[in-house]
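S.K.: In my numbering, the protein residues as written are 46 to 549. All C-beta atoms in this analysis are idealised placements derived from N, C-alpha and C, irrespective of residue type, glycine included. These numbers were taken from a predicted model, which means no experiment stands behind them.
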């Protein structure tokens, strides 16, 4: 380990020597921990990081004055739809996706480096359970969807196949996530096919460009955003691991969407048949004001434009059919070829521009007293996974139904939206719809049949509680054999054992 003198000299070159101002009063253990944290920080990179953070924060966040003139919706030939397409076309896409899965050419990659701060918990979001009858966590739901899609592809092609699960964690989430998976026996996945790796951390910075000391012996650090994926892929030779396994196509998604379809064969097949190197699932924006980025074109190049960068007037523009002109809401759900990711890590990652996130960052004052600020006091610099879209040679978007594929878990129940209750209701309403479509009938507490009307997305609790294990059905398929013509009370938990009993 570098000596204190060496670290101090490096910090002087970076203009950040204040990070050692309490070093002399630290005991040997905490002093060594602080020096170990500071040693990897390259002086020039640290100086530039702090300078760029302060400069970026000083710039106004108003929409670029000429953006509206440069903005265009994606051309129709770049967009597919999960619902607005002929059934035979959808089946063709699905069959291609299953074929690639059966050939072991598809992997999924989970972005799980963030903490559940807004959710009000101190552990990784994937460990959260939203109150389902089964008490399953997000991680378990996702693991079981992987197992089911492997099973479906294997049955179609008479083979055993694997969808490797790559999980990008951070300093905050790696330990708890690894322990959680071990405690739950990797949800019956082969541990060799679950690959966890860690993204980089960056110092939080004050508005005047000084790295923040969170404790006397600790610099305030934060993950470098989900766009830190590309450095992390290179740091941990993840793409080389994919190549050894024969993986050619990667489905990247964010941890907090309870409805996410991992290795979705329809999406994979659509992208492969279109020859895409990069794809994005999108949902129709609920309103012009909905705070989601828009997948569109700027100067003819595909990219995601953040909602804060689009003027209200532009956001309200209508297409000839009456819908929003810029309606393709980004949901952090992407298709990449391995070759494209390799090109990004080798050539394009340095060109990605970091984004500013102004946060309340705990710190120690000049006397060494800990302070928890009531107002934002620091800058965290992040890159976004979608920042690589402009580098794609053949980008496509794939529109899916919000009620079937998107219900994010971001906030505590005290918030109006994107909370545990809305996520739980979205999943239960979906499963209720699937059960009705499969011919199930539900009874109330008095044995009277309930109205057989599917709950529209966002309409609250369904009339009957029905939870279907992903191990039984991935996207509503195959349920008729268990449910058609049968009557059920509420709640119905259709797990593997119940399905086996119903089929007997």
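Look at the alpha carbon of residue 291 and the alpha carbon of residue 312, and state the distance between them as a whole number of angstroms.
M.R.: Roughly 20 Å separates the two Cα atoms.
S.K.: Please report how far the alpha carbon of residue 297 lies from the alpha carbon of residue 241, in whole angstroms.
M.R.: Going from the Cα of residue 297 to the Cα of residue 241 covers about 14 Å.
S.K.: Would you report the Cα separation of residue 331 and residue 345, rounded to the nearest angstrom?
M.R.: Straight-line Cα distance between these residues: approximately 25 Å.
S.K.: In the DSSP assignment, find the beta strand (DSSP E) that holds residue 402 and state where it starts and stops.
M.R.: Residue 402 -> beta strand (DSSP E) spans 400-404.
S.K.: Contact between the region 254-267 and the region 410-425: three or more CB pairs below 8 Å?
M.R.: With the cut-off at 8 Å, the region 254-267 and the region 410-425 touch.
S.K.: So, is residue 438 buried or exposed, given that buried needs 16 or more other C-beta atoms within 10 angstroms?
M.R.: Per the 10 Å Cβ criterion, exposed.
S.K.: So what does DSSP say about residue 378, is it helix, strand or coil?
M.R.: Reduced to three states, the DSSP call for residue 378 is strand.
S.K.: Kindly give me the distance between the Cβ atoms of residue 295 and residue 197, rounded to whole angstroms, as I take these residues to be in contact under 8 Å.
M.R.: Not a contact, Cβ separation roughly 19 Å.
S.K.: Just tell me which of 419, 516, 534 and 347 has its CA closest to the CA of residue 545.
M.R.: When each option's Cα is compared against that of residue 545, the closest is 516.
S.K.: What did DSSP end up calling residue 62 once you bin it into helix, strand or coil?
M.R.: In the structure shown, residue 62 sits in a helix (DSSP, three-state: H, G or I).
S.K.: Go to residue 326, then tell me how far its beta strand (DSSP E) extends in each direction, as first and last residue.
M.R.: Its beta strand (DSSP E) spans residues 323-329.
S.K.: Which of the three DSSP states is assigned to residue 510 in this structure?
M.R.: Coil.
S.K.: In the region 403-487, which residue ranges form an unbroken alpha helix (DSSP H) of at least 4 residues, counting only runs that do not cross its ends?
M.R.: Fully enclosed alpha helix (DSSP H) runs of 4 or longer: 447-450 and 465-482.
S.K.: Over the uninterrupted beta strand (DSSP E) stretch that includes residue 296, give me the two end residues.
M.R.: Here the beta strand (DSSP E) through residue 296 covers 294-299.
S.K.: Give the C-beta separation of residue 436 and residue 389 to the nearest angstrom, bearing in mind that I take them to be a contact with Cβ-Cβ under 8 Å.
M.R.: Indeed they touch by this definition, with Cβ atoms about 6 Å apart.
S.K.: Among residues of its own chain, excluding the 5 on either side of residue 202, which ones have a beta-carbon nearer than 6 Å to its beta-carbon?
M.R.: Cβ neighbours of residue 202 beyond the five flanking positions: 147.
S.K.: How big is the Cα-Cα spacing for residue 382 and residue 535?
M.R.: Answer to the nearest angstrom: the Cα atoms are 44 Å apart.
S.K.: What is the C-beta distance between residue 474 and residue 507, in whole angstroms, given that I count them as a contact (C-beta under 8 Å)?
M.R.: So it is a contact: roughly 5 Å between Cβ atoms.
S.K.: Do you know offhand how far residue 405's Cα is from residue 55's?
M.R.: Going by the C-alpha atoms only, they are around 27 Å apart.
S.K.: Thinking residue 319 and residue 441 are a contact (beta carbons under 8 Å), I'd like their distance in whole angstroms, please.
M.R.: Confirmed, Cβ separation roughly 5 Å.
S.K.: Counting Cβ pairs, one atom from each stretch, are 3 or more of them under 8 Å apart for the region 268-288 and the region 164-177?
M.R.: No: fewer than three Cβ pairs fall under 8 Å.
S.K.: Hey, how far is the Cα of residue 191 from the Cα of residue 270?
M.R.: Residue 191 and residue 270: Cα-Cα distance of roughly 25 Å.
S.K.: So, under 8 Å CB-CB, residue 245 and residue 273 are touching, yes? Tell me the CB distance rounded to an integer number of Å.
M.R.: 6 Å between Cβ atoms; contact.
S.K.: Please classify residue 342: does DSSP put it in a helix, a strand, or coil?
M.R.: Residue 342: strand per DSSP, three-state reduction.
S.K.: Within 8 Å, do at least three Cβ pairs link the region 63-72 to the region 92-99?
M.R.: At 8 Å Cβ cutoff, the stretches do not touch.
S.K.: If we call anything under 8 Å between Cβ atoms a contact, is residue 163 one with residue 455?
M.R.: Their beta carbons are under 8 Å apart, which means residue 163 touches residue 455 by this criterion.
S.K.: Straight-line CA distance for residue 449 to residue 375?
M.R.: Cα to Cα, residue 449 sits roughly 15 Å from residue 375.
S.K.: Using the three-state DSSP reduction, which class does residue 527 fall into: helix, strand or coil?
M.R.: In the structure shown, residue 527 sits in a helix (DSSP, three-state: H, G or I).
S.K.: Quick one: which unbroken beta strand (DSSP E) runs of 3-plus residues sit fully inside the region 246-324? Chain order, please.
M.R.: Segments of the beta strand (DSSP E) lying fully in the region 246-324: 246-248, 258-260, 266-268 and 294-299.
S.K.: Going along the chain, which residues of its own chain have a beta-carbon closer than 7 Å to the beta-carbon of residue 321, five neighbours each way excluded?
M.R.: Cβ neighbours of residue 321 beyond the five flanking positions: 380, 439, 440 and 441.
S.K.: Can you tell which of 47, 74 and 76 has the C-alpha that lies nearest to the C-alpha of residue 85?
M.R.: Among 47, 74 and 76, the Cα nearest to that of residue 85 belongs to 47.
S.K.: Please specify which runs of the alpha helix (DSSP H), each continuous and at least 4 residues long, are wholly inside the region 195-234, giving them in chain order.
M.R.: Qualifying alpha helix (DSSP H) stretches, in chain order: 219-228.
S.K.: Grouping DSSP H, G and I as helix and E and B as strand, with all else coil, what is residue 93?
M.R.: Reduced to three states, the DSSP call for residue 93 is helix.
S.K.: Buried or exposed: where does residue 396 fall if 16 or more other Cβ atoms within 10 Å of its Cβ makes it buried?
M.R.: So residue 396 counts as exposed.
S.K.: Between residue 398 and residue 325, what straight-line distance do the alpha-carbon atoms span, to the nearest angstrom?
M.R.: Distance between the alpha carbons of residue 398 and residue 325: 20 Å.
S.K.: Under the three-state reduction of DSSP, which class applies to residue 67: helix, strand or coil?
M.R.: Correct three-state label for residue 67: coil.
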